[in-house]
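Encoded as structure tokens, the structure appears first; notes follow it.
There are 2 protein chains.
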Amino acid sequence: MAGRPMRDVILDEATELFARFGFEGTSLNDIAAGVGIKRPSVLHYFPSKDALYGEVFERMLSDWLECVEASMKSPGRGWERFSAVLLSGFDLFCANPSYVRLMRREAIEGGDRLGIDLVGVVAPFFEAAVNWLEEEMVAGHFRKVDARQLLVTAYATLLGYVSDAPFINGLLIDDALAPEMLVARRDHLLELFHRILVADVDAPLTILGA
Amino acid sequence: MAGRPMRDVILDEATELFARFGFEGTSLNDIAAGVGIKRPSVLHYFPSKDALYGEVFERMLSDWLECVEASMKSPGRGWERFSAVLLSGFDLFCANPSYVRLMRREAIEGGDRLGIDLVGVVAPFFEAAVNWLEEEMVAGHFRKVDARQLLVTAYATLLGYVSDAPFINGLLIDDALAPEMLVARRDHLLELFHRILVADVDAPLTILGA
DNA sequence: CGAAAGATCTACCTACTGGTCGGTAGGGCG
DNA sequence: CGCCCTACCGACCAGTAGGTAGATCTTTCG
Numbered sequence: 001m002a003g004r005p006m007r008d009v010i011l012d013e014a015t016e017l018f019a020r021f022g023f024e025g026t027s028l029n030d031i032a033a034g035v036g037i038k039r040p041s042v043l044h045y046f047p048s049k050d051a052l053y054g055e056v057f058e059r060m061l062s063d064w065l066e067c068v069e070a071s072m073k074s075p076g077r078g079w080e081r082f083s084a085v086l087l088s089g090f091d092l093f094c095a096n097p098s099y100v101r102l103m104r105r106e107a108i109e110g111g112d113r114l115g116i117d118l119v120g121v122v123a124p125f126f127e128a129a130v131n132w133l134e135e136e137m138v139a140g141h142f143r144k145v146d147a148r149q150l151l152v153t154a155y156a157t158l159l160g161y162v163s164d165a166p167f168i169n170g171l172l173i174d175d176a177l178a179p180e181m182l183v184a185r186r187d188h189l190l191e192l193f194h195r196i197l198v199a200d201v202d203a204p205l206t207i208l209g210a
Numbered sequence: 211m212a213g214r215p216m217r218d219v220i221l222d223e224a225t226e227l228f229a230r231f232g233f234e235g236t237s238l239n240d241i242a243a244g245v246g247i248k249r250p251s252v253l254h255y256f257p258s259k260d261a262l263y264g265e266v267f268e269r270m271l272s273d274w275l276e277c278v279e280a281s282m283k284s285p286g287r288g289w290e291r292f293s294a295v296l297l298s299g300f301d302l303f304c305a306n307p308s309y310v311r312l313m314r315r316e317a318i319e320g321g322d323r324l325g326i327d328l329v330g331v332v333a334p335f336f337e338a339a340v341n342w343l344e345e346e347m348v349a350g351h352f353r354k355v356d357a358r359q360l361l362v363t364a365y366a367t368l369l370g371y372v373s374d375a376p377f378i379n380g381l382l383i384d385d386a387l388a389p390e391m392l393v394a395r396r397d398h399l400l401e402l403f404h405r406i407l408v409a410d411v412d413a414p415l416t417i418l419g420a
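Put into structure tokens, the structure is as follows:
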């Protein structure tokens, strides 16, 4: 029962509740009850609710950036590399739906809840991706598109499916986050971006890591 | 100053604040202050905060469904019709960013804040769209795709840009909701779905209503 | 004019929030 | 044994939430 440090247990519970109900919609009592202690004990590990939220958010951000950094180092060119990055992002999001909802809540509100400059952290990666896409386009590996717009689209499609899963559940037949549905979604996204970026209509679709 | 009924003024302010800060993040005092009255006066027009939110949400939903119904009656076939519906949805969302953020918040949380069965309302339209897409595919007007997945993608791309505009602002150069950026986004989405659904790589791209 | 109705306010209530204080149980260690 | 430290909790505090009661003012209508 006491396998992991209480501090981490609290962080996990807080992540889940903040993602589901938002910052204002989650009280320290809720978090405390979720891990079987009382509010003062939560405040024993974290100086304030703001600080707790800050740690939750920073942990999410570092996990996320770590994944992005790793996948951007992946070798290959053109479609091979694009699909690899897309897939690793997709996998990360599927494995951490709480992160996605947390991120989306922050994006909706502008992301300046704490001093965390969300845009400042993400922008370098965004710019690097823009540059790479444009290079690949002039090199003829990709069809020409507005690279920034395309990346915003990729962001929206990747996040949207996971963040809105509770809603999408009702529209699709099965649980949107069930394994087989995730595979279908993944293949669909690959197919879409392949059509968008690669001109050959009948070119074979390479799926990595299947 | 007193041009419109106070009831409607309150509804507008509540829509804006609920969209920006969420249900728990918005107090009746905030709403009252926003329209220059005190809290008891707000409760004079609406029996409770829940009731106020319910009316805000129902008004949004009916506006939205009205637009969808109208645009689904649009004539034409294949790409012509698809792009018309896409554009009318895009225009509605751009004109009502508060609706989009409100909708997205509800989608994140599963949409059962009140008894409103969000999925139940949307599902018929979704199914109709699925059927139409599949018919057009077998008729050869569209390339084959998983129609449900494609619609989810369209939903995510349309909503995402507007709901996350505060965040995207920082990634793009200009204000994401500025007129010229909206035009760019619109054209980008048309281009994308054209590439996805229409096989001819060099086919002319018809833009309606420009 | 006077009664009624509507809109708005101040004052108050209870419930709950984040946060602090003082204390207690228990384990390691001299 | 006494000492200290960590983990935890009950009780309390000030502030704010949603909501109610009652008074005041204005408008409308007979």
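Going down the list, the protein sequences come from chains A and U.
For the first sequence, the numbering used here assigns the number 1 to the initial residue and increments by one for each residue that follows.
For the second sequence, the numbering used here assigns the number 211 to the initial residue and increments by one for each residue that follows.
Just so you know, even glycine gets a beta-carbon here, dropped at the ideal spot from N, CA and C.
Contiguous alpha helix (DSSP H) assignments of at least 4 residues, all confined to the segment 227–292 of chain U: 238–244, 249–255 and 259–282
How about residue 65 of chain A: is its C-beta nearer than 8 Å to some C-beta of chain U? As a working note, residue 65 of chain A is residue 65 in the first sequence. No, residue 65 of chain A lies away from the interface with chain U (no Cβ there is under 8 Å from its Cβ).
When you compare only the Cα positions, how much space is there between residue 292 of chain U and residue 159 of chain A? Taking the second sequence and counting its residues from 1, one reaches residue 292 of chain U at position 82. Taking the first sequence and counting its residues from 1, one reaches residue 159 of chain A at position 159. Distance between the alpha carbons of residue 292 of chain U and residue 159 of chain A is about 24 Å.
Using a Cβ-Cβ cutoff of less than 7 Å, which residues in the same chain neighbour residue 23 of chain A once the five nearest sequence positions on both sides are dropped? Translated into the one-based positions of the first sequence, residue 23 of chain A becomes position 23. Contacts found: 53 and 113.
Backbone secondary structure at residue 12 of chain A - three-state DSSP: Sequence index remark: in the first sequence, residue 12 of chain A carries index 12 (1-based). Here residue 12 of chain A sits in helix by DSSP.
Beta-carbon gap between residue 224 of chain U and residue 157 of chain A smaller than 8 Å: One-based indexing of the second sequence puts residue 224 of chain U at position 14. One-based indexing of the first sequence puts residue 157 of chain A at position 157. No, they are not a contact pair.
If you measure from the beta carbon of residue 192 of chain A to each beta carbon in chain U, is any gap under 8 Å? Against the first sequence, residue 192 of chain A aligns to sequence position 192. Closer than 8 Å: yes.
Quick one: give me the first and last residue of the alpha helix (DSSP H) that residue 329 of chain U is part of. Residue mapping note: residue 329 of chain U aligns to position 119 of the second sequence, counting from 1. In this chain, the alpha helix (DSSP H) harbouring residue 329 of chain U covers 328–348.
N-terminal and C-terminal residue of the alpha helix (DSSP H) that residue 168 of chain A is part of: Within the first sequence, residue 168 of chain A is the residue found at index 168, counting from 1. Counting along the chain, the alpha helix (DSSP H) containing residue 168 of chain A begins and ends at 165–171.
Is residue 225 of chain U close to chain A? Criterion is C-beta to C-beta, closer than 8 Å. Taking the second sequence and counting its residues from 1, one reaches residue 225 of chain U at position 15. Chain A, which has no Cβ nearer than 8 Å to the Cβ of residue 225 of chain U, makes this no.
Using DSSP with H/G/I as helix, E/B as strand and the rest coil, what is residue 389 of chain U? Counting from 1 along the second sequence, the entry for residue 389 of chain U is found at position 179. Helix.
Buried or exposed: residue 376 of chain U, going by 16 or more other Cβ atoms within 10 Å of its Cβ? Along the second sequence, read from residue 1 onward, the residue named residue 376 of chain U stands at position 166. Buried is the call here.
From the DSSP output, in three-state form, read off residue 402 of chain U for me. Start at 1 with the first residue of the second sequence, and residue 402 of chain U comes out as number 192. The answer is helix: DSSP assigns residue 402 of chain U an H, G or I state.
Own chain, CB closer than 7 Å to residue 384 of chain U, minus 5 neighbours either side, in chain order: Start at 1 with the first residue of the second sequence, and residue 384 of chain U comes out as number 174. The residues are 391.
Looking at C-beta atoms only, is the number of pairs between the segment 386–404 of chain U and the segment 121–128 of chain A that lie closer than 8 Å three or more? no
With three or more C-beta pairs closer than 8 Å as the rule, is the segment 254–261 of chain U touching the segment 272–282 of chain U? No, they do not touch.
Please list, in chain order, the residues of the segment 376–400 of chain U that have any C-beta partner in chain A closer than 9 Å. 376, 377, 378, 379, 380, 381, 382, 383, 386, 394, 395, 397, 398 and 399
Beta-carbon separation (whole angstroms), residue 402 of chain U vs residue 196 of chain A, contact threshold 8 Å: By one-based count along the second sequence, residue 402 of chain U stands at place 192. By one-based count along the first sequence, residue 196 of chain A stands at place 196. That belief holds up - the Cβ atoms of residue 402 of chain U and residue 196 of chain A are roughly 6 Å apart, short of 8 Å.
Members of the segment 121–147 of chain A that neighbour chain U once the beta carbon cut-off is set at 8 Å: 122, 123, 126, 143, 145 and 146
Boundaries of the alpha helix (DSSP H) in which residue 307 of chain U is found, first to last residue: Along the second sequence, one-based indexing puts residue 307 of chain U at 97. Looking at the DSSP string, the run of the alpha helix (DSSP H) that includes residue 307 of chain U is 307–319.
Can you tell me which of the three DSSP states residue 384 of chain U falls into? Looking up residue 384 of chain U in the second sequence gives position 174. Here residue 384 of chain U sits in coil by DSSP.
Quick one: is residue 53 of chain A near chain U, going by C-beta distance under 8 Å? As a first step, residue 53 of chain A is located in the first sequence; it is residue number 53 there, counting from the start. Output row for residue 53 of chain A: interface = no.
Under the assumption that residue 352 of chain U contacts residue 343 of chain U (Cβ atoms under 8 Å), give the Cβ distance between them as a whole number of angstroms. To locate residue 352 of chain U, count along the second sequence from 1; it is residue 142. To locate residue 343 of chain U, count along the second sequence from 1; it is residue 133. The beta carbons of residue 352 of chain U and residue 343 of chain U sit about 7 Å from each other, so the pair counts as a contact at 8 Å.
I need the straight-line Cα distance from residue 312 of chain U to residue 63 of chain A, nearest angstrom please. Here residue 312 of chain U refers to the residue found at position 102 of the second sequence. Here residue 63 of chain A refers to the residue found at position 63 of the first sequence. So the two alpha carbons sit approximately 28 Å from each other.
Please tell me whether residue 163 of chain A and residue 100 of chain A are closer than 8 Å, where the distance is taken between their beta carbons. Start at 1 with the first residue of the first sequence, and residue 163 of chain A comes out as number 163. Start at 1 with the first residue of the first sequence, and residue 100 of chain A comes out as number 100. Cβ distance < 8 Å, so residue 163 of chain A and residue 100 of chain A count as in contact.
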